[in-house]
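First the structure, in the form of structure tokens, and then the observations on it.
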Amino acid sequence: MAFLEFQDISKQYGSVKAVDHVSLEVKQGEFFSLLGPSGCGKTTLLRMLGGFERPTEGRIFLEGKDITDLPPNQRRVHTVFQNYALFPTMTIWDNIAFSLKVAKRPKKETEEKVDAILEMIQLGEHAWKYPNQLSGGQKQRVAIARALVDRPQVLLLDEPLAALDLKLRQHMLIELDTIHDQVGITFIYVTHDQGEAMSLSDRIAVLNHGRVEQLDIPAKIYEAPATRFVASFIGDTNFFAGEIAAVRGDYCEIRSEGFPAIQAYNDKALAAGQRVDLSVRPEKIRVTKTAPAAAKGPGLNVVKATVQDIVYQGVYTKYWLKAGARRISVLEPHSRFLLDQETITWNDDVFVWWHPDDGYMVEVK
Amino acid sequence: MGVRTESHKTEWLTTLPSLAWLTLFFAVPALIVLAFTFHGHTPNGGVGEWSLATWKELVDPDYPTIVWKTLRISFQVTVWCILLALPCAYAIARMGTRWRGVVAGAIMLPFWTSFVVRVFAWKTVMHPDGWLQAVYHGWLHAKLALFSWIPGVSVPVLADPPPGNCLLGFAHCAIDTARTTIIDSEIAVVLVSVYTFLPFAIMPIYTAAEKFDFSLLEAARDLGAKNFHAFRKIFVPGIWQGIVSAVLMVFIPAVGSYVIPQMLGGTNCVLIGNKIFMRAMQQRNIPHASALATLMAAAVLVPLGLAAWWTRRAAARDRRKLELRTAQLMSTGGQR
Chain A
1 MAFLEFQDIS KQYGSVKAVD HVSLEVKQGE FFSLLGPSGC GKTTLLRMLG GFERPTEGRI
61 FLEGKDITDL PPNQRRVHTV FQNYALFPTM TIWDNIAFSL KVAKRPKKET EEKVDAILEM
121 IQLGEHAWKY PNQLSGGQKQ RVAIARALVD RPQVLLLDEP LAALDLKLRQ HMLIELDTIH
181 DQVGITFIYV THDQGEAMSL SDRIAVLNHG RVEQLDIPAK IYEAPATRFV ASFIGDTNFF
241 AGEIAAVRGD YCEIRSEGFP AIQAYNDKAL AAGQRVDLSV RPEKIRVTKT APAAAKGPGL
301 NVVKATVQDI VYQGVYTKYW LKAGARRISV LEPHSRFLLD QETITWNDDV FVWWHPDDGY
361 MVEVK
Chain B
1001 MGVRTESHKT EWLTTLPSLA WLTLFFAVPA LIVLAFTFHG HTPNGGVGEW SLATWKELVD
1061 PDYPTIVWKT LRISFQVTVW CILLALPCAY AIARMGTRWR GVVAGAIMLP FWTSFVVRVF
1121 AWKTVMHPDG WLQAVYHGWL HAKLALFSWI PGVSVPVLAD PPPGNCLLGF AHCAIDTART
1181 TIIDSEIAVV LVSVYTFLPF AIMPIYTAAE KFDFSLLEAA RDLGAKNFHA FRKIFVPGIW
1241 QGIVSAVLMV FIPAVGSYVI PQMLGGTNCV LIGNKIFMRA MQQRNIPHAS ALATLMAAAV
1301 LVPLGLAAWW TRRAAARDRR KLELRTAQLM STGGQR
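Quick note, the sequences are listed as chains A and B, same order. The first sequence begins at 1 in my numbering and counts up one residue at a time. The second sequence begins at 1001 in my numbering and counts up one residue at a time.
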């Protein structure tokens, strides 16, 4: 049995189904993310794991033990709350020591553990301050330390970085990763920010309308989205809706309205007549003033287009192009010295092209 | 500089009305009362010459007992009020906004009827033939039956047994019905005082509880605390200011109360308020009444002042200790 298992969990609030038959397995020591838009059921799942909500259906197992009906204080699962929920009437030291004191650990052990974790989060000098005397990032670290000090089986993080500004968020991302590596405890991380989920997680479960849309490693979620929702929620993409006109070996030809035939790698061995959404990520598409040389095999997908918008970002340039009635977004990274190159400007007629292997087909049911 | 004087001026002007009000109707009367204590009284109820006669009169052997009783009862009333108000305020603060208004309104509702009428109503409730008396008697009998076996526990027992209503048939559990009515007893005074002052305890605690972040209780439970532990260690300190105001709101009027002991305490529960009333209204000895009032105020204010001083000192000591500990922690942290 898996370390942590959600078995066919549903949660009904009145007529709203917040979680709809979710089954998940989490491995020990894993950094696991629940990713989705607000109202997708990710926080409800987390609260059920914390013991603050009861599932309407299904069971939750932790190390083989059914914890579904245990109150929060009887599970060794701690939460880092979005607003930190530090106790304002206690010092930082007492905040962190709380769980150890509740468990009536020996005084010496408590002191050692609290001092050690204070050192880990580098807040030793602030030990005797009160939460309202700390900055957002410091409070965040205290909240994590407080939840980790008695080494829970699982640490739950509910959008822990949402309240921080961008720079601090990036810093805390690295810190969280380091802390996870140091303590080796299973982290369950709830977020709506795909960037956070991608950079931290071992695996991600993408949720929508209370269901798991896809559960996989970050690269697979990004490169091979299981559904149209996943493809559009994780990063930007260009969708080409159409129908498979013909299958040629490993590749197929997609007929999409107002477009020449598009070649795509048929990884799922779909038959002709199947309706599909082809997702092509902006960074996989190239823009050039001249037509690319013909490639071997299935050839390249080449479309003529006009430049509508350009946003230069230094590392890359983002283009919005018009091809027929369609808008295509392209992200062109700059790996060479840009000033030596012929630049593309507004209203230029250009060629937009990508390799058939770089599109990913999602079936339309 | 000009701006500063200007703002100072407006500050003065805005606080002036309330300051004047307080001076005129609080400070001055209090000083007059104090001044009266250093006067004798005239036979026709006036204030006499400057003298220390009044203070000398205060060496009445009854007074320490009465002062102690007043403080003891006020303390009991305060404790009960806080104990009842805490869960009450907690519950109201956790209610939906609609119910909150209804319940808060219900708590304030008694204030729409006359206080004296309400106390009088209690007289009926506690009538010797009423149900409350029956409950009280049942309790006394149970207590007698249970504790009369334990040496050193005394229960009021009278040789003359009342007919019939003796629990478990023990002959010695006869209880003096005349002495053990609930009305005209200390219990009646405490009970009705709690009833009267409870809203004054609930309101400040509720106001504090309303601002309390209840997700903190969730966090405490998440970290392993049982509900009551979370309530005690997180909720109570979180609304401490509300509790302090509630204590003051109940204790101070309880010390001065005289209507409730007058109407329900009979001769068994004469408090300092009754004495002051008696001296002032019946014996027309205003200086003596003033001296009693001053004595009572001192009995409350001196301990309060001492407590405040002690807390401040303790806080300063704690702060020094924390600074020391931090320094220690930093040095050991550096060595590790």
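Beta carbons: idealized from backbone N, C-alpha and C, even for Gly. Small disclaimer: the values here were computed from a predicted structure and weren't measured.
| said: Please return the same chain residues whose Cβ sits closer than 7 Å to the Cβ of Ser15 of chain A, not counting the five positions on each side in sequence. | reply: none
| said: Excluding the 5 residues flanking Phe31 of chain A on each side, which residues of the same chain have their C-beta closer than 6 Å to its C-beta? | reply: His180, Phe187, Leu200, Ser201 and Asp202
| task | Quick one: give me the first and last residue of the beta strand (DSSP E) that Val154 of chain A is part of. | result | Val154 to Asp158
| field | As assigned by DSSP and simplified to three states, the class of Trp128 of chain A | value | coil
| query | In chain A, what lies closer than 8 Å to His1229 of chain B by C-beta? | reply | Val102
| message | Measuring alpha carbon to alpha carbon, tell me which residue in A:Leu321, A:Met361, A:Gln82 and A:Pro131 is nearest Val96 of chain A. | response | Here residue 96 of chain A turns out to be Ile, not Val, going by the sequence shown. With distances taken between Cα atoms, Ile96 of chain A lies closest to A:Pro131.
| said: Strictly under 8 Å for the Cβ-Cβ distance: is Arg320 of chain A near chain B by that measure? | reply: Correcting the residue type first, residue 320 of chain A is Trp in the shown sequence and not Arg. No, Trp320 of chain A does not count as interfacial toward chain B.
| request: Answer yes or no: do Glu1186 of chain B and Cys1269 of chain B have a C-beta to C-beta separation smaller than 8 Å? | output: yes
| said: Taking 8 Å as the threshold (beta carbon to beta carbon), is Pro1237 of chain B in contact with chain A? | reply: yes
| field | Where the alpha helix (DSSP H) containing Tyr1122 of chain B begins and where it ends | value | Note on identity: in this sequence residue 1122 of chain B is Trp, with Tyr being the wrong assignment. Start and end: Phe1115 to Val1125.
| message | Just checking: is the beta-carbon of His334 of chain A within a distance shorter than 8 Å of some beta-carbon in chain B? | response | no
| Secondary structure at Cys1269 of chain B, three-state DSSP: helix, strand or coil? | coil
| Counted within 10 angstroms of its Cβ, other Cβ atoms place Val1117 of chain B as buried (16 or more) or exposed | exposed
| request: Check the Cβ of Gly1224 of chain B against every Cβ in chain A and list those closer than 7 Å, keeping chain order. | output: Asn73, Ser99, Val102 and Ala103
| Taking the C-alpha atoms as reference points, what is the distance between Ala1297 of chain B and Tyr1206 of chain B? | 28 Å
| field | Beta-carbon proximity of Pro298 of chain A to Tyr251 of chain A, cut-off 8 Å | value | yes
| query | For chain A, is any of its Cβ atoms less than 8 Å away from the one on Ile1234 of chain B? | reply | yes
| Buried versus exposed call for Thr1054 of chain B [16 or more other C-beta atoms within 10 Å across all chains shown] | buried
| request: Could you check the C-alpha separation between His1127 of chain B and Pro1087 of chain B for me, to the nearest Å? | output: 30 Å
| Looking at the structure shown, is Tyr84 of chain A part of a helix, part of a strand, or coil, going by DSSP? | coil
| task | Flag this pair as yes or no: are the beta carbons of Trp1050 of chain B and Phe1036 of chain B separated by less than 8 Å? | result | no
| query | Does the distance from the C-beta atom of Lys11 of chain A to that of Met48 of chain A stay below 8 Å? | reply | yes
| request: Kindly say whether Arg1118 of chain B, judged by its beta-carbon, lies nearer than 8 Å to any beta-carbon of chain A. | output: no
| field | Three-pair Cβ contact test at 8 Å for the segment 63-78 of chain A versus the segment 219-228 of chain A | value | no
| What are the boundary residues of the beta strand (DSSP E) that includes Ala1201 of chain B? | Segment Glu1186 to Lys1211 is the alpha helix (DSSP H) holding Ala1201 of chain B; no beta strand (DSSP E) there.
| field | Residues in the segment 137-151 of chain A having any Cβ partner in chain B nearer than 8 Å | value | Arg146, Ala147 and Asp150
| So, Tyr319 of chain A versus Val287 of chain A, is the Cβ gap smaller than 8 Å? | yes
| If you draw a straight line from the alpha carbon of Ser329 of chain A to that of Ala271 of chain A, how long is it in whole angstroms? | 29 Å
| message | Let's see if you can read the secondary structure: which residues bound the beta strand (DSSP E) around Gly1256 of chain B? | response | It is not in any beta strand (DSSP E) - Gly1256 of chain B instead sits in the alpha helix (DSSP H) that spans Trp1240 to Gly1256.
| query | Hey, Thr79 of chain A and Asp1222 of chain B are a contact pair by Cβ (cut 8 Å); roughly how many whole angstroms apart? | reply | 5 Å
| said: With a threshold of 7 Å on Cβ separation, who are the neighbours of Asp349 of chain A within its own chain once the five nearest residues in sequence on each side are excluded? | reply: Lys304 and Thr306
| Just reading off the alpha helix (DSSP H) that Asn95 of chain A is part of, what are its end residues? | Ile92 to Val102
| query | Going along the chain, which residues of its own chain have a beta-carbon closer than 6 Å to the beta-carbon of Arg211 of chain A, five neighbours each way excluded? | reply | Asp20
| Hey, how far is the Cα of Thr1015 of chain B from the Cα of Ala1299 of chain B? | 31 Å
| query | What is the rounded straight-line gap between the Cα of Val22 of chain A and the Cα of Ala1327 of chain B? | reply | 51 Å
| task | Helix, strand or coil for Val149 of chain A, going by three-state DSSP, please let me know. | result | coil
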